[in-house]
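Chains as they are written, first to last, in full-length UniProt numbering: chain Y, 1 to 189; chain V, 1 to 189.
See structure below.
Number of protein chains: 2
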Amino acid sequence: MGRWKPDARGRLMQSALELFTERGFEQTTALEVAQRAGVTERTFFRYFSDKREVLFEGSGELLSGVVGAITGAPVNMAPIDIVTAAMQEAAERMEPNRPYSIQRAAVVAANASLHERELLKLDALSAAAAHALHGRGVPELAATMAAESGVSVFKVGFDTWVGAGPEVTFAQCIHACLDELKGLTAAAQ
Amino acid sequence: MGRWKPDARGRLMQSALELFTERGFEQTTALEVAQRAGVTERTFFRYFSDKREVLFEGSGELLSGVVGAITGAPVNMAPIDIVTAAMQEAAERMEPNRPYSIQRAAVVAANASLHERELLKLDALSAAAAHALHGRGVPELAATMAAESGVSVFKVGFDTWVGAGPEVTFAQCIHACLDELKGLTAAAQ
Numbered sequence: 001m002g003r004w005k006p007d008a009r010g011r012l013m014q015s016a017l018e019l020f021t022e023r024g025f026e027q028t029t030a031l032e033v034a035q036r037a038g039v040t041e042r043t044f045f046r047y048f049s050d051k052r053e054v055l056f057e058g059s060g061e062l063l064s065g066v067v068g069a070i071t072g073a074p075v076n077m078a079p080i081d082i083v084t085a086a087m088q089e090a091a092e093r094m095e096p097n098r099p100y101s102i103q104r105a106a107v108v109a110a111n112a113s114l115h116e117r118e119l120l121k122l123d124a125l126s127a128a129a130a131h132a133l134h135g136r137g138v139p140e141l142a143a144t145m146a147a148e149s150g151v152s153v154f155k156v157g158f159d160t161w162v163g164a165g166p167e168v169t170f171a172q173c174i175h176a177c178l179d180e181l182k183g184l185t186a187a188a189q
Numbered sequence: 001m002g003r004w005k006p007d008a009r010g011r012l013m014q015s016a017l018e019l020f021t022e023r024g025f026e027q028t029t030a031l032e033v034a035q036r037a038g039v040t041e042r043t044f045f046r047y048f049s050d051k052r053e054v055l056f057e058g059s060g061e062l063l064s065g066v067v068g069a070i071t072g073a074p075v076n077m078a079p080i081d082i083v084t085a086a087m088q089e090a091a092e093r094m095e096p097n098r099p100y101s102i103q104r105a106a107v108v109a110a111n112a113s114l115h116e117r118e119l120l121k122l123d124a125l126s127a128a129a130a131h132a133l134h135g136r137g138v139p140e141l142a143a144t145m146a147a148e149s150g151v152s153v154f155k156v157g158f159d160t161w162v163g164a165g166p167e168v169t170f171a172q173c174i175h176a177c178l179d180e181l182k183g184l185t186a187a188a189q
C-alpha cells in the first residue's frame, strides 16, 4: 500500500505509478492497481474513468489554478508575464511532489498513448489560459500566442526540472525558459 | 470516387475525408473508405496502418521538409528565424491544398482521438526541429524553445489560415503570429 497520501485516491495514484514503473503501463490492469491500493476495482472506477486518467489526476487542479491566477493578476501586467507567473505558481505547488513527478514523467515517456493524453491536457491548459487572458481584454491572437508560450515554458521547464538535481526548482526552470525565449525573439530579424 | 489525386493513396485520402465529414470519424470503417475510393480494404491497409493515419499522410513529408530547411539554412541566421522560415516554406507547399486543409481541420476538431494524434505529430515536429537546430550548434535549451515557438506559430497560424478568407496565405498567418510573439516578449518584464 502506498504511503504518499492516506486517502483511497492518493493510494490508487501511488499504486498505479508503482505498477506502471515495475511492469509497464500496458501490462497493468485497473484491478491490479486497486488490489495494491487495498480497494476494489469498483472503487478505482469511481475515482477514474480509465487506466490512463489515474496519471492525470492533478490536471484539473493545474488548469483551475492557472486560470485563477490569470484572472486575479494585477491590471497592466504584460500578458506573457501574467501567464508565466501563473505557471510559476503552479510549479511551486508541484515542487514538494518532485519524486512523484520524476517517476510519472518516465512512465509517460515510455508509452505513446500516455504521451498523447499528456499533450491533450497541455493543449486544454493552453486554450483555458488563452480564454482567461482574452477575458481580461487581451486581443485574441495575443492571448493565444501568450498562452501557447506559457505552456511551452511550462512543458520545457518541467523536462528541465525532472532532469536536474533537487537544488533546482521548477519555478527557476520556467524562469530560465522564459529568459531563453526572450533572448531568441529579441535576436530575430 | 475522389478526383483530388489520380493515385490510390490520394483517392483514399479524399474518400476518407468525405466520409468522415458526412458520417463522422467513428461511424466510418476502413472498408467503406476503400469502397468509395474503388480499392479493396487490403489496399487501404497497405497504405495506412489505421483509420486515423489516413488523415496524417502529409506529416512525414512536413517533418522531413522542415528538418531539411533548418539544416540547409544560411549560417549566422537567428534560430527563431531559421525555424520560422522552415515553417513558412512548409506553409507555401500546403497553400494549394487549402480546401482539403479546411475540411480536414473540421474533422480533426470534431474528434478527441484525432486531436490527440494531431498534437502528437506536432510534438514530433517540434522534437525534430529542435534536434536539427541543435545539430547546427544551437545550445539545447535555445534549440528546444525555438522549435516549440516555431511549432506554436505554425499551429496558431494554421488555425488563423483555415478561418480566414482565401486572400490570406498560410505563410502570412505564420508571419503575423511571429510578430505577435515578438511584441509579447518585448513587452515582458
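We treat Cβ as the ideally placed atom computed from N, Cα and C, and that holds for glycine.
- Per DSSP, reduced to three states, the secondary structure at N97 (chain Y) is helical.
- For R11 (chain Y), the closest C-alpha among the options Y:T40, Y:G24, Y:S113 is that of Y:T40.
- For E92 (chain V), the CB contacts under 6 Å within the same chain, skipping 5 residues up- and downstream, are A171 in chain order.
- Where T160 (chain V) is concerned, the enclosing alpha helix (DSSP H) starts and stops at 140-163.
- Its chain contains F25, R52, L55, V107, V108 as the residues whose beta carbon lies nearer than 8 Å to that of L114 (chain Y), once the 5 sequence neighbours on both sides are disregarded; these appear in chain order.
- Assigned with DSSP and collapsed to three states, S49 (chain V) falls in coil, not helix or strand.
- Per DSSP, reduced to three states, the secondary structure at E57 (chain V) is coil, with no helix or strand assignment.
- By the neighbour-count definition (other C-beta atoms within 10 Å, threshold 16), S64 (chain Y) is an exposed residue.
- Collapsing the DSSP output to three states places M77 (chain V) in coil.
- Excluding its 5 nearest sequence neighbours in each direction, R104 (chain Y) has C-beta neighbours in its own chain below 7 Å: L17, L55, listed in chain order.
- Against chain Y, the CB of V156 (chain V) has a partner CB under 8 Å away; the residue lies at that interface.
- Rounded to the nearest whole angstrom, the C-alpha separation of A69 (chain Y) and G58 (chain Y) is 16 Å.
- Scanning chain Y for C-beta atoms nearer than 9 Å to the C-beta of P79 (chain V) yields L184, A187, A188, reported in chain order.
- At a cut-off of 8 Å between C-beta atoms, L55 (chain Y) does not count as an interface residue with respect to chain V.
- In chain order, V153, V156, G157 place their CB closer than 6 Å to the CB of C177 (chain Y), counting only its own chain and leaving out the 5 sequence neighbours on each side.
- A direct Cα-Cα distance of roughly 42 Å separates A128 (chain Y) from R42 (chain V).
- Listed along chain V, the residues sitting closer than 7 Å to T144 (chain Y) by beta-carbon distance are V156.
- Taking a C-beta distance under 8 Å as the contact criterion, I80 (chain V) and A146 (chain V) qualify as a contact pair.
- The C-beta of Q14 (chain V) has 16 or more other C-beta atoms within 10 Å across all chains shown, which makes the residue buried.
- Rounded to whole angstroms, the separation of the alpha carbons of V67 (chain Y) and A132 (chain Y) is 6 Å.
- Only those residues of the UniProt domain "HTH tetR-type" (6-66) of chain Y whose C-beta falls short of 8 Å from the nearest C-beta of chain V would be listed, and there are none.
- Boundaries for Q27 (chain Y): no alpha helix (DSSP H) harbours it, and the DSSP string shows neither H nor E there.
- Nearest CB-CB separation between L114 (chain Y) and chain V: not below the 8 Å threshold.
- For G135 (chain V), the enclosing alpha helix (DSSP H) starts and ends at 112-135.
- Less than 8 Å separates the beta-carbon of L119 (chain Y) from that of D123 (chain V).
- Secondary structure note for G183 (chain Y): its alpha helix (DSSP H) is the uninterrupted segment 170-186.
- Take the alpha-carbon of N76 (chain Y) and the one of P139 (chain Y): they are about 14 Å apart.
- Separation of the CB atoms of E116 (chain Y) and E116 (chain V) is rounded to 4 Å, and the pair is thereby assigned contact status at 8 Å.
- Short of 6 Å from the beta carbon of E148 (chain V), and not among the five residues preceding or following it, lie these beta carbons of its own chain, in chain order: S126.
- Within chain Y, no residue has its CB atom less than 9 Å from the CB of L133 (chain V), the nearest being about 10 Å off.
- The alpha-carbon of G165 (chain V) is positioned some 12 Å away from that of D159 (chain V).
- At a cut-off of 8 Å between beta-carbon atoms, R104 (chain Y) makes no contact with chain V.
- The beta carbon of N111 (chain Y) lies closer than 6 Å to those of F25 in the same chain, with the five residues before and after it left out.
- Taking C-beta separations shorter than 6 Å and ignoring five residues to either side along the sequence, the partners of I174 (chain Y) in its chain run M87, Q88, A91, V153, G157, following chain order.
- When C-beta distances to chain V are compared with 9 Å, the residues of the stretch 148-175 of chain Y below that value are E148, S149, V151, S152, V153, K155, V156, D159, T160, in chain order.
- Comparing C-alpha distances from F44 (chain V) to each of V:L62, V:A130, V:A8 shows the shortest one belongs to V:A8.
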